[in-house]
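In terms of my numbering, the sequence shown opens at residue 5 and continues consecutively.
For every residue, glycine included, the Cβ atom is placed at its ideal position computed from N, Cα and C.
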Amino acid sequence: MSSRRFHVAHLENAKFERRGLRSYFEYRDLGIRRATRGKVVAHVIRARPEKAPHGEWHAHDCRVQFVYVLKGWALFEYEGVGRVLMKAGTCFYQPPNIRHREIRHSKNLEMIEVVAPASFRTRASPANFRTRASPANFRTRASPAARKSPARRSRG
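Structure, rendered in structure tokens:
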């Protein structure tokens, strides 16, 4: 038997569940975990009404994690990078174990997230953790393209 399975997930049968990593999001499983036998997980994430992000520093113990923003925007902060505004049309890759947090998001935020492996550990960072990049040095409304890579950003 092949380790791959064909799978399709149509929108008209979609169900969002409140169970997931963050209580301020709802998750729509796209069936990729089952189709890949746990190698990859993919889901649509959307903001829950009247729920704000906690802003807690954390890191994910995974090999690959990327997100594509479908609607709205989200402001994240990354260790060694600083604050980055992700908006509709933005695709971002988070290196394994990079410490980060979500600061805030729009009410209509929707994203697709893909993570490998499907089961991964999330570690909270200490409350006194501070990023090496000072948040005061970053404008929250700057274009994400201006910060594509830490090497392209001025350090002065």
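Best match in the options for proximity to residue i [C-alpha to C-alpha]
i: Gln98; options: Arg50, Ala63, Met115 and Ser110; result: Ala63
i: Phe96; options: Val118, Glu83 and His109; result: Val118
i: Arg108; options: Ala128, Leu89 and Asp65; result: Leu89
i: Gly42; options: Gly86, Arg9 and Trp77; result: Arg9
i: Arg127; options: Gly84, Gly93, Glu16 and Glu60; result: Glu60
i: Arg87; options: Ala78, Ser129 and Ala13; result: Ala78
Beta-ladder partner(s) of residue i, from DSSP
i: Val12; result: None; Val12 has no bridge partner.
i: Val164; result: Coverage of the chain is limited to positions 5 through 160, which leaves residue 164 absent and any answer about it impossible.
i: Trp61; result: According to DSSP, Trp61 bridges with nothing at all.
i: Thr126; result: His64
i: Arg32; result: Val48
Close-in-space but distant-in-sequence residues of the same chain around residue i (CB under 7 Å, 5 per side omitted)
i: Ser138; result: Reliability of the predicted coordinates at Ser138 is poor, the pLDDT of 38 falling under 50, and the value obtained from them is presented with this limitation in mind. The answer is none, since no qualifying residue turns up.
i: Phe20; result: Glu30, Tyr31, Arg32 and Arg50
i: Ile102; result: Ala63, Tyr82 and Glu83
Beta-carbon proximity list for residue i, same chain, < 8 Å, skipping 5 on both sides
i: Arg67; result: Pro100, Ala120 and Pro121
Assumed close pair residue i, residue j - CB separation to whole angstroms, cut-off 8 Å
i: Glu81; j: His104; result: 6 Å
i: His11; j: Ala46; result: So it is not a contact: roughly 10 Å between Cβ atoms.
i: Val48; j: Ile36; result: No, Val48 and Ile36 are not in contact; Cβ-Cβ is about 11 Å, not under 8 Å.
Close Cβ partners of residue i (< 6 Å) along its chain, the five nearest in sequence each way excluded
i: Phe124; result: His64, Asp65 and Cys66
**Study point:** contact_flag[the region 111-127, the region 73-90] where n(CB pairs < 8 Å) is 3 or more
**Key:** Counting Cβ pairs under 8 Å, three or more are found: they touch.
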